[in-house]
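Engineer:
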Amino acid sequence: MAVKLYPLAAAQATQHDLAKEFGTSQVINICTCSTLQTEINFDLLKKCIQEEFKRYECLRIRFTKPDKNGDVMQYIAPRDTRDIELVDLSDKDENEIQKILDEWSFKPFSEPDAPMAEIKMIKMPDGYQGLYLKIDHRLADSSAVIVMINDIMELYCHYHFGSPYPKPLPSYVEALEKDLERQNSEKKVARDGEFWDSVLAQGEPLYSDVTGTWKLEETRKKYNDPNIRWVDREIKDTRVNFAVFNLEPEPSMRLLDYCMNNNVSMTNLLLMGLRTYMSKMNDGQTDISIRNFVSRRSTKLERFSGGSRTQWFPCRTVIEPDTEFLDGIYIIQDFQNQVYRHSNYDQAALARKFAEKFGQPPHTTYEGMLLTYQPLPVRLQNPNLRGIPFKSRWLSNGTGVQKLYLTVMHRPDAGLEFFFKYQEAELSRDDVEKVYYYLMRIIFMGVEHPDLTVGEIIRMV
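Note that the sequence shown covers residues 29 to 489 in our numbering.
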């Protein structure tokens with residue numbers, strides 16, 4: 029049976045270029061584990077997972093053999109009827125379990141025309157049972173993964189408890205075709221390019237780091253050029269570790285209330301807190317750049333069709349110390365609103381613009397960290413599951429292509445989880461703990477004392 033081939037959409041191409049740059053698709057594995065503290069009918073769960081492969085088109089994405097440039101095409105396999113393995117880890121200790129999860133998560137998907145998603149049913153200690161997922165980032169981002177897990181649980185509740193059958197999921201192909209149509213629109217591409225030209229016309233960004241100015245100073249000495257404003261990325265030693273910090277529900281709700289009352293997003297509040305910390309650590313530097321993930325899921329089709337719809341774009345702001353904290357958030361928000369309107373722009377094209385405008389070499393960066401805010405939690409929405417203890421956690425793929433990557437997510441108990449992934453070659457856990465500690469101090473000081481300026485907050489924390 030013939031299949032229709034499609035090029036990669038812009039967000040997929042961003043992930044594909046990472047895999048090419050680092051020579052392995054391991055760097056774009058997304059891995060997660062979701063379990064309930066209850067006895068699960070695994071025969072039924074297997075049926076639901078197999079049904080999800082029919083319902084959720086993006087799970088059946090396949091890639092062709094790379095061409096001479098390393099590029100691929102994609103298509104949807106008409107069916108995927110694989111068996112689903114059950115793995116019993118209930119008699120293992122935490123270290124043994126982590127070793128097994130790492131072994132699964134670190135293994136890349138590398139074969140052309142082969143499945144790019146792996147789902148296992150698992151039994152964990154203390155009566156927790158559920159599933160493990162590894163999926164290539166070109167097939168799904170974290171929002172798409174959450175939609176999938178919630179849909180599997182709705183299927184399970186339908187067959188087990190008799191709850192309503194979940195509504196059909198929108199077509200991934202339909203969303204992809206619309207994305208490709210936008211990408212091929214000369215007018216749209218030109219408008220996006222003009223926007224980024226206007227951003228670059230404001231001047232070359234200046235690197236800032238969560239550990240201070242040493243990285244920029246080291247780069248300037250290495251190249252004997254005191255005017256360099258970028259730094260080399262660490263691409264050889266990509267060993268990674270992670271640190272997780274949890275903010276309790278009550279203070280988390282205070283932050284959400286602040287955002288709602290002031291008509292700002294949580295993303296922009298977090299960006300303001302992070303850039304204030306980086307300003308503090310870099311001798312009061314006012315020109316700060318952070319890479320921020322933008323997820324294009326404004327329509328029902330985009331929200332529920334799966335796929336990878338996130339791109340990271342630089343959020344560069346110059347905020348003076350006499351700027352009040354809330355006004356700083358508004359400065360960020362104004363810029364981010366413009367970025368969102370042009371967020372389908374090709375990352376490779378943007379990189380070329382930086383290289384042409386500023387002479388930025390390959391494998392260098394102006395940003396010391398990346399941020400993702402994930403507003404959609406994995407929730408047990410079905411009333412039949414209320415009150416059942418639930419665990420959901422994202423797992424490392426064993427590599428770190430960015431120095432520091434912070435993902436902020438909502439927990440099932442309404443608190444916030446701060447998941448830091450960092451390169452061990454340049455950062456320690458102490459460095460990351462310091463980022464979280466000061467981020468919380470800065471944000472709550474700004475939230476609770478709205479008349480304070482950025483400079484005052486930096487001095488007080």
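Each residue gets a CB set at the ideal place from its N, CA and C atoms; glycine is no exception.
1. Unbroken beta strand (DSSP E) runs of length 3 or more, entirely within the region 73-114: which are they?
2. My understanding is that S236 touches Q157, with C-beta atoms under 8 Å, so please give their C-beta distance in whole angstroms.
3. Looking at F273 and E122, is the spacing between their C-beta atoms short of 9 Å?
4. Short check: CB of A47 to CB of Q375, under 9 Å?
5. Please confirm if the region 330-350 is in contact with the region 358-373, defined as three or more CB-CB distances below 8 Å between the two stretches.
6. For S16 and M294, what's the separation of their Cα atoms in angstroms?
7. For my contact list, S118 and K74 are in at a C-beta cut-off of 8 Å; report their separation, rounded to the angstrom.
8. State whether the region 305-320 contacts the region 384-400, with contact taken as three or more CB pairs (one from each stretch) at a distance under 8 Å.
9. Which residues bound the alpha helix (DSSP H) around F332?
10. Residues in its own chain within less than 6 Å of R210 by CB, not counting five upstream and five downstream?
11. Which class does G356 belong to by DSSP, given the choice of helix, strand or coil?
12. Hey, how far is the Cα of F446 from the Cα of S307?
13. Which residue wins for smallest C-alpha separation from Y208, given the options F448, P440, E454 and L36?
14. Are the region 126-135 and the region 408-420 touching, with three or more C-beta to C-beta distances below 8 Å?
15. Go ahead and pull the three-state DSSP assignment for A442.
16. Using a 10 Å radius around the Cβ and a threshold of 16 neighbouring Cβ atoms, would you call F382 buried or exposed?
17. With distance defined between alpha-carbon atoms, name the residue in Y187, K135, E139 and G98 nearest to D71.
18. Count the other CB atoms, across all protein chains shown, that sit within 10 Å of the CB of A172; report buried if there are 16 or more and exposed otherwise.
19. By Cβ distance below 6 Å, which residues in the same chain neighbour Y286 in space, the five residues on each side in sequence not counted?
20. Quick check on the burial criterion: 16 or more other C-beta atoms within 10 angstroms. Buried or exposed for H477?
21. Based on Cα-Cα distance, which residue from L161, E205 and P198 lies nearest to L114?
22. What distance in whole Å lies between the Cβ atoms of H391 and R261, which are believed to be in contact at a cut-off of 8 Å?
23. Starting from C61, follow its DSSP beta bridges and name the residues at the other end.
24. Is K243 buried or exposed, if buried means 16 or more other CB atoms sit within 10 Å of its CB?
25. Taking the C-alpha atoms as reference points, what is the distance between D458 and T304?
26. Under 9 Å, do L197 and V227 count as touching if we go by C-beta distance?
27. For Y465, which of I163, D311, W422 and V238 has the nearest alpha-carbon?
28. Give the DSSP bridge partners of V489, in chain order.
29. CB-CB under 7 Å to I470, same chain, minus the five flanking residues each way: which ones, in chain order?
30. Alpha carbon to alpha carbon, what distance is there between D179 and K82?
31. Would you kindly report the start and end of the unbroken alpha helix (DSSP H) that includes A376?
32. For D458, report the span of its beta strand (DSSP E) as first-last.
33. What residue range is occupied by the uninterrupted beta strand (DSSP E) comprising E146?
34. Buried or exposed: R166, going by 16 or more other Cβ atoms within 10 Å of its Cβ?
35. Pick from T435, N425, A453 and G443: whose alpha carbon is nearest that of S133?
36. Classify M288 as buried or exposed, calling it buried when 16 or more other Cβ atoms lie within 10 Å of its own Cβ.
Structural biologist: Result, derived from the coordinates:
1. The region 73-114 contains these whole beta strand (DSSP E) runs: 89-91 and 102-104.
2. In this structure S236 does not touch Q157 by the C-beta definition: roughly 45 Å separates them, more than the 8 Å allowed.
3. Contact: no.
4. In this structure, A47 lies away from Q375, with their beta-carbon atoms at least 9 Å apart.
5. With the cut-off at 8 Å, the region 330-350 and the region 358-373 touch.
6. Here the chain has residues from 29 to 489 only, and residue 16 is not among them.
7. The pair is not a contact, with the Cβ atoms about 18 Å apart (cut-off 8 Å).
8. Short answer: they touch.
9. Where F332 is concerned, the enclosing alpha helix (DSSP H) stretches over K328 to F332.
10. K216 and N372.
11. Shown here, G356 sits in a helix according to DSSP, grouped into three states.
12. A direct Cα-to-Cα measurement between F446 and S307 gives close to 21 Å.
13. According to the sequence shown, residue 208 is Leu rather than Tyr. Nearest option by C-alpha distance: L36.
14. No, the region 126-135 is not in contact with the region 408-420.
15. Residue state, collapsed to three classes: coil.
16. With a threshold of 16 other beta carbon atoms within 10 Å, F382 meets it and is buried.
17. Of Y187, K135, E139 and G98, the residue nearest in Cα terms is Y187.
18. That one is buried.
19. The answer, listed in chain order, is V475.
20. The residue is exposed, with fewer than 16 neighbouring Cβ atoms inside 10 Å.
21. Minimum Cα distance to L114 is reached at L161.
22. Beta-carbon to beta-carbon, R261 and H391 are separated by about 5 Å, close enough to satisfy the 8 Å threshold.
23. C61 is bridged to Y160 and R421.
24. Classification of K243: buried, given that the 10 Å Cβ count is 16 or more.
25. One C-alpha to the other measures close to 19 Å.
26. Cβ atoms of L197 and V227: not closer than 9 Å.
27. Looking at the Cα atoms, V238 is the closest of the given residues.
28. Assignment of beta-bridge partners to V489 by DSSP yields no partner.
29. These residues qualify, in order along the chain: G301, T304, Y305, I485 and V489.
30. So the alpha carbons of these two residues sit roughly 12 Å apart.
31. A376: member of the alpha helix (DSSP H) spanning Q375 to F386, first to last residue.
32. Per DSSP, D458 is not a residue of any beta strand (DSSP E); the alpha helix (DSSP H) it occupies stretches across R457 to E476.
33. Residues A145 to K151.
34. With 16 or more other Cβ atoms within 10 Å, it is buried.
35. If we check each option's Cα against that of S133, N425 comes out closest.
36. When all chains shown are included, M288 counts as exposed.
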